[in-house]
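In my numbering, the protein residues as written are 48 to 239.
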């Protein structure tokens, strides 16, 4: 005879309390905690280069660039994520006075790994769409030159795809451009 273990769902408040005490990061969707694994060298280099380039281009403007340690909340009851790169313009709004959970990002970027690609394109993107402030969502492949750009146009998300080394990602929400050759410059096995 088999038995099923009872599933324990956490409230957003319980998740935040655990997350703030823990040493490992996890994401949260509708009561469930999703453990995060480590990232590859390519993933780390791509994330760092995107964050660095955006930080340089946004210098002197009222925008802040955060990398993978800034948590965002998509809705009060829904989900918490750690995007690889996130940008907020204007005054950042946080969930509380701990200042570790951003509520109003304008741009979120995820660097895809084989184990998270379907999730980042599917369920995670659906939750990101709950953010009234979000205007662009970018998915960057770490194993080939490929960037998927989702941009909110009125009430519809419009997708474009970039695959060429010479292509340039135009981020209208923050008036920045990222040449794909700069995104992938330190990952020579992809460019070759």
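Here a beta-carbon is modelled for each residue, glycine too, at the ideal position from N, C-alpha and C. Computed from a predicted model, the values in this text were never measured in an experiment.
C-alpha distance - residue 61 paired with residue 211, whole-angstrom precision: Along the chain shown, read from residue 1 onward, the residue named residue 61 stands at position 14. Along the chain shown, read from residue 1 onward, the residue named residue 211 stands at position 164. About 45 Å.
For residue 163, three-class secondary structure by DSSP: Locating residue 163 in the chain shown gives position 116, counting from the first residue. Of the three classes helix, strand and coil, the one that applies to residue 163 here is coil, per DSSP.
Residue interval of the beta strand (DSSP E) (run including residue 226): What you label residue 226 is simply residue 179 of the chain shown in a count that begins at 1. Unbroken beta strand (DSSP E) run through residue 226: 223-226.
Distance between residue 70 and residue 80 (C-alpha atoms, nearest Å): Residue numbering aside, residue 80 sits at position 33 when the chain shown is read from its first letter. Residue numbering aside, residue 70 sits at position 23 when the chain shown is read from its first letter. C-alpha separation (whole angstroms): 14 Å.
Cβ contact (3+ pairs, closer than 8 Å) linking the region 116-126 and the region 146-154: yes
CA-to-CA distance, residue 93 to residue 228, given in whole angstroms: As a first step, residue 228 must be located in the chain shown, where it is residue number 181. As a first step, residue 93 must be located in the chain shown, where it is residue number 46. Approximately 11 Å between the Cα atoms of the pair.
C-beta contact flag for residue 68 and residue 128 at 9 Å: Counted from its first residue, the chain shown places residue 68 at position 21. Counted from its first residue, the chain shown places residue 128 at position 81. No, the Cβ-Cβ distance between residue 68 and residue 128 is not below 9 Å.
Identity of the residue in 126, 125, 116 nearest residue 134 by Cα: As a position in the chain shown, residue 134 is number 87, starting the count at 1. With distances taken between Cα atoms, residue 134 lies closest to 116.
Cβ neighbours of residue 50 in the same chain (closer than 6 Å, five flanking residues each side left out): Taking the first residue of the chain shown as position 1, residue 50 is located at position 3. With a pLDDT of only 38 at residue 50, under the threshold of 50, the placement of this residue in the model should not be trusted; the figure read from the coordinates follows. Closer than 6 Å at Cβ, skipping near neighbours: no residue.
Residue environment, residue 130, which counts as buried when at least 16 other CB atoms sit within 10 Å: Position 83 of the chain shown, counted from the first residue, corresponds to residue 130. With 16 or more other Cβ atoms from the protein chains shown falling within 10 Å of its own Cβ, residue 130 counts as buried.
6 Å Cβ shell around residue 188 - same chain, five flanking residues per side excluded: By one-based count along the chain shown, residue 188 stands at place 141. Only 159 meet the Cβ criterion.
DSSP three-state assignment for residue 212, whether helix, strand or coil: Position 165 of the chain shown, counted from the start, is the residue given in the question as residue 212. DSSP places residue 212 in coil when its eight states are reduced to three.
Cut-off 7 Å between Cβ atoms - residues of its own chain near residue 17, not counting five sequence neighbours on either side: Any answer about residue 17 is impossible in this case: the structure gives the chain only from 48 up to 239.
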